[in-house]
Structures are given as C-alpha cells and as structure tokens.
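Protein sequence lines correspond, in order, to chains A and B.
Counting from 120, one number per residue, gives the positions in the first sequence under our numbering.
Counting from 42, one number per residue, gives the positions in the second sequence under our numbering.
Ideal Cβ placement from N, Cα and C applies to all residues, glycine included.
All remarks here apply to the structure that follows.
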Amino acid sequence: MMVPESYYVGLSAVLFTIGVIGVVIRRNPLVMFMSIELMLNAANLALVAFGRRVGNPDGQAVVFFVMAVAAAEVAVGLAIIVTIFRLRRRLSVDDLSLMRW
Amino acid sequence: MTDLVMPPVLLGPLLPTLLVLGAGALVLLLDLSPRPQGKEVLGAVALAGIVGALLATLARWGKSGRAFHDMVVLDNFALFVNVVICYAAALSLLLSVDYVRRSRAESGEYYALVLFTTAGMMLLAAAGDLVVLFLALELMSLSLYVLAGLFTQALASSEASMKYFILGAFASSFMLYGIALTYGATGTTNLDRIAAAVAGRSHDPLFVIGMGLLLVGFGFKTSSVPFHMWVPDVYQGAPTCVTALIATGSKAAAFGALIRVLTVALRGAQPDWTALLWIVAVLTMTVGNVAAIAQSNLKRMLAYSSIAHAGYMLVGLVAGGMSGGGSVLFYLLTYTFTTAGAFGVVTLCERARAEAVEVGDYAGLAERHPVLAAALALFLLSLIGVPPLAGFVGKFYVFGAAVRAGYLWLTVVAVLNSALAAYYYLRVVVYMYMRQPEGAPVTYAPSLAGALALVVALVGIVALGVVPAPFVDLAQAAVAPLVR
C-alpha cells in the first residue's frame, strides 16, 4: 500500500509545530534543544517526501547535509550548556537574566 | 529520474574561501606543534589568510565565476560583500590580539574559529543555492556561538553564547523548513531555477509559506525587528572583538544573501516583499533608536544602534533596483568601518583591570587620552551621519535611492530616526569632553595591533566620506547583474 506524500508532509508539519511549541514553552535548555532537533528532523522528513513527489533526488541529498549540520549543532550546543552548568550548577533559562533591556 | 552527472570541479570561484579555510586549518596545526611559541604567531597567520583572501577577491573583480552546478556564484556582488567581510574580519583580528591576551582567553582555537566563521560569511554571500546558503549560514553561526562564549569563566559571556545559540538554532530551523517547502513547491533549490519555476504563479501557498519562513531566518540574522531580541544581550555579553565581528561581518553576509534571494529567487514577487520590508524597516529603525536612548551600557547602546542601522539598510532594499541595492552595499562598507572602529575603542579602554563599558566610564576621557577620545567621537559622528564622514554619505545614498523610487514617507521616517539617534551618540561625546570622571579613571590598554585597526578604520571612514563616488559606482556595478 502506498502512503500518499501529503501524509508525510502533514506529519512533518505537526512535528515542526510540536518543536516550535517546545522551544517556546519549556524552560530547560536541554529540552529546548531537543525541540530544535525535532524541528530540523521535521524539515528532513518534508525534504524526503517532497523529493519523492517532484521526482528528483535533490531533497534526499540535502537531508545528509542537514544531518551533518545537526550533529555539529549538538556538539556546540551541549558544550555551551555544560559551560553554563559549571558556572551555575542549575539549568533553567530563567536564570539567564544577567542582561535585560 | 535523471542520471547523476558529476559536476566539473572548478575551485577558482572558491579560492578566497579556501584560502581562509586553509589558514584556519594551519592555525589549528600550528597550535598543536610541540615547540612552544607565542599565540601572536597564530594571529599573524590568521591575518595573513584574511589578507590573502582579500587580495584573491580583488584579483577576481570583473571575472564572474560559477561552480558546482551554480551552487557557488562568485560574481561582482559576492566579491564586493567579500571585501566588506574581509575588512571586518581583519579589523576584528587586529583588535583581538592584545584584547584576548589581556582577558586570559588566548587560544589557537580562537583564531581558527574566526577564520571558519569568515569562510562561512564569504560562502554565504556567494550562495547560488538554498542548500549552500543553509550550510554557509550554519558554518558562520556555529563558530560565532562558540566565539561569543569565549570567556568561559564570565557568566555574561556564557549567557550571551547560550542565548545566541538557542535563538540562532531556532531561526535556522525555520529557515530549513522554509527551504524544504520551497523545494516542494518548485522542485529545485537553485535560486535561478526557483525564479523560473514560480514565474507567473508566485502566490502558490506552499511557496509563499516557504519563503516567509526563509525570511524569518533572515530577519534573525540581519537583526530586524521583531527578530532582534537576541542582539543587545549577545552584543553586551560577548567579548568586544567578537561583538565587532558579529555586528559587521555576519550582518554584511546576511544582507548579501538576503539581497540575492530577494532579487533573484523572488524577482516575480517584488511588490509583495517590498510592502513587507517597508513595515519591517520602519519598525526596525524606530525600535532600535528608541531603545538605544535608554541604555547606559555603551556596548548595549551600540547593539541597539546596529539594529537601527539594519533598518536604514532595509530602506535601501525597499527602494530596490540598481541604485537601492548599490546603496545598501555601500552602506555596509561604511557601516563596517564605523562600527568596527567604535567597538575597537571599547576594546582598548579598561578601568580598574576590567573592561570599561558604561557610558559614565568614559567621562573625562578627552583630558587623559585625547587621541582615543577623538577617534571614538569621529566614529560616533559617522554613525550619526555628520558630513564629511562615511556615515553621512552612506545615509545620503540610501535615502536618495528611496526618494527616487517614490518612498517619500519612508524616507521621512528614516531621517527623523537619524535625528533621534544623534541624541544618544552625542551623549557619549558630551561625557568624554565635558564631564569629570567618578572613581578610577579609564586607562588605555596599550595595543599596537589595536591602534593599527583604529587607524585603518579612521582612514576608511574619512576616505569613503570624502571621495565616495568610485566606491558607489563599484557597488552599483556589483548589483547590476542581479537586478537586470
């Protein structure tokens, strides 16, 4: 049974929205970070689904680049989070209020 | 399904970027060499890489090159932006040599990361494909996130790094999803082919949403309202030499890519995005200037002022065409020299072994360090737009292009905003020349390289202000192939 492409695109839109909501309402940087990864993977799913619809492999090729970028982003992001944790011993973006207005 | 064809490998158009990347790799290797050596050597290698890239860029002027299936387009437009980026990176490097040593944060990685982020910026300006655009943007941003957190023991620096990272990655995700939707609507990620695919049907909902998400990402990178919230915190918390790079180089690269996407891929929908940018420009100018008035921290004030300047550049973008686009490129050049210089003075001033960043710290600076005070005053006057300095000419061309294109009200708002901006810039000058210092006076942290950077920036703003015509002509010639 073939699943139509629009289902995949719909799923990716739902995943992307969940990611956006996660970044906006959660206060733990790790969870916000996971939500961002969810957004990137939603885009990956959309790229693959669209690639099948338009009939060229570009979309799937892009996904590999995005996965590599996402891995680099994880490395940098976790390093920053560890640095903050060493200085603060707590992990919440509400604490990051040294600079305001 | 078509057969896969290996594109011919033409490294020529990538040469400036490759020189910078090569210098970055060399810096990392030298840093590991067992022979103990000063870190100045690494700084010199990094600077040599940037100067080499600048020379390679200038040598290619007029020779348009496309490589890798039009993924990299090194035309005059990209070359002009590359020159701006090279100047920004070189000034930032010169300012940082003594600054990072004084702050005990000197490391080989610092210079390597500056070079990697510069390579990302240069590639971003030359991106002819949304994939390259995304990759270059990430190369630039990931390096900058780390650089912003360079002072690992300072809470403000780590906080800036964290805020920059979370919001930057958030914006990048929007951009990527926009790219995915655009690909779905057009079947390609190449800017030229996108324009051809949507010719006549630019209101396809999938395409509109995709481009909208892409513009959200650009709004973040160019620090336009309402995506500017990260700017003051990051500019304030990051090491000042890194702030100078974020404020000049990354902004130039983002504007370069934005102009290319708007004028190439969205050629058919110009009335729509012009109307959108009109509103964004007014908001960006006004919010930036009004918020800057309330600041007591000099770095934060300059951050809001850089938001306002992004607004002026958007005015040029709204004007469109050769004169509008050319004026934005010229503005980027003047803005780079001026802003890098202003942040440069901040890196050279310290008070009680700490950075002097409050406006009040600069009280009475003119009595003890008249040259430094005069330099900062000139940079601030150029930011206001006082003739004959570069800032005035930059504004003149941008506003002139807007008037000629018929955007009279937008120009009125922009001019009123520049008048408003004079207040907070002049306040610093008043402090330097007419107030007595409270507490320990600000001292000059000696730095030959930093002084050299200030001289270069001063020569830049005076030369661009006195003889702007050849540079404006070059900027307009650079935009010409895009607008056609």
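Query	Result
Contact under 8 Å by Cβ, threonine 227 (chain B) with isoleucine 235 (chain B)	yes
Minimum Cβ-Cβ distance from aspartate 225 (chain A) to chain B less than 8 Å	There is no way to answer for residue 225 (chain A), as the model of chain A reaches only from 120 to 220.
CA-to-CA distance, alanine 431 (chain B) to glycine 501 (chain B), given in whole angstroms	8 Å
Neighbourhood of leucine 55 (chain B) by C-beta, 7 Å cutoff - its chain only, sequence neighbours within 5 removed	Ala108, Val113
Proximal residues of chain A, C-beta to C-beta of glycine 224 (chain B) below 9 Å	Per the sequence shown, the amino acid found at residue 224 (chain B) is tyrosine instead of glycine. Chain A residues near tyrosine 224 (chain B): Ala165, Leu166, Phe169, Gly170, Val173, Asp177, Gly178, Val181.
Beta-bridge partners of tyrosine 485 (chain B), as assigned by DSSP	B:Cys390
Near-chain A residues of the segment 199-211 of chain B (beta-carbon distance less than 7 Å), N- to C-terminal order	Ser199, Glu200, Ser202, Met203, Lys204, Phe206, Ile207, Ala210, Phe211
Under 7 Å from the C-beta of leucine 196 (chain B): neighbouring residues of chain A	Leu206, Leu217
Partners in chain A for glycine 228 (chain B), counting only beta-carbon separations shorter than 7 Å	Val173, Asn175
Outcome for arginine 171 (chain A) when other beta-carbon atoms lying within 10 angstroms are tallied against a minimum of 16	exposed
Alanine 322 (chain B) versus glycine 435 (chain B) - alpha carbon distance	16 Å
Residue range of the beta strand (DSSP E) that includes alanine 106 (chain B)	The amino acid occupying residue 106 (chain B) in the given sequence is glycine; alanine does not appear at that position. Note, glycine 106 (chain B): beta strand (DSSP E), 106-108.
Secondary structure, alpha helix (DSSP H): runs of 4+ residues fully inside the segment 55-83 of chain B	56-73
DSSP bridge partner residues for leucine 115 (chain B) (one or two, in chain order)	B:Gly106
Beta carbon proximity, threonine 202 (chain A) to chain B, threshold 8 Å	yes
8 Å Cβ cutoff met for phenylalanine 175 (chain B) and methionine 216 (chain B)	yes
Minimum Cβ-Cβ distance from tyrosine 186 (chain B) to chain A less than 8 Å	yes
Residue-chain proximity (serine 337 (chain B), chain A), Cβ-Cβ < 8 Å	no
Buried versus exposed, by CB contacts within 10 Å (16 or more), leucine 52 (chain B)	exposed
First through last residue of the alpha helix (DSSP H) which encompasses valine 193 (chain A)	177-207
Same chain, Cβ closer than 8 Å to methionine 151 (chain A), neighbours up to 5 away in sequence not counted	Gly141, Val142, Arg145, Val212
Any chain A beta carbon closer than 8 Å to tyrosine 218 (chain B)	yes
Between the CA atoms of leucine 120 (chain B) and valine 46 (chain B) - distance to the nearest angstrom	29 Å
Inter-residue spacing [alpha-carbon to alpha-carbon] between alanine 486 (chain B) and arginine 143 (chain B)	9 Å
Start-to-end residues for the alpha helix (DSSP H) that takes in methionine 475 (chain B)	449-475
Proximal chain A residues relative to arginine 179 (chain B), where beta-carbon distance stays under 8 Å	First, the amino acid is wrong: residue 179 (chain B) is glutamate here, not arginine. Going along chain A in sequence order, the residues near glutamate 179 (chain B) (Cβ under 8 Å) are Val188, Ala191, Glu192.
Buried or exposed by the 16-neighbour rule on C-beta atoms within 10 Å, applied to lysine 104 (chain B)	exposed
The segment 419-429 of chain B contacting the segment 366-381 of chain B, beta-carbon criterion three pairs below 8 Å	yes
DSSP bridge partner residues for alanine 298 (chain B) (one or two, in chain order)	Paired residue(s): none; alanine 298 (chain B) is not in a bridge.
Residue-level contact to chain B via CB, proline 123 (chain A), 8 Å cutoff	no
Residue range of the alpha helix (DSSP H) that includes arginine 145 (chain B)	No alpha helix (DSSP H) contains arginine 145 (chain B), which DSSP labels as neither H nor E.
When B:Val82, B:Ser202, B:Val92 are compared against threonine 202 (chain A), the one with the closest alpha-carbon	B:Ser202
Given glutamate 124 (chain A) as reference, the closest of B:Thr193, B:Ala349, B:Gly225 once Cα atoms are compared	B:Gly225
8 Å Cβ cutoff met for threonine 263 (chain B) and valine 524 (chain B)	no
beta-carbon lysine 436 (chain B) near the ligand FMN non-hydrogen atom, thresh 7 Å	With respect to the ligand FMN, the structure offers nothing, as it holds no ligand at all.
Other residues of its chain near leucine 254 (chain B): CB distance less than 6 Å, five sequence neighbours each side excluded	Phe215, Tyr218, Gly219
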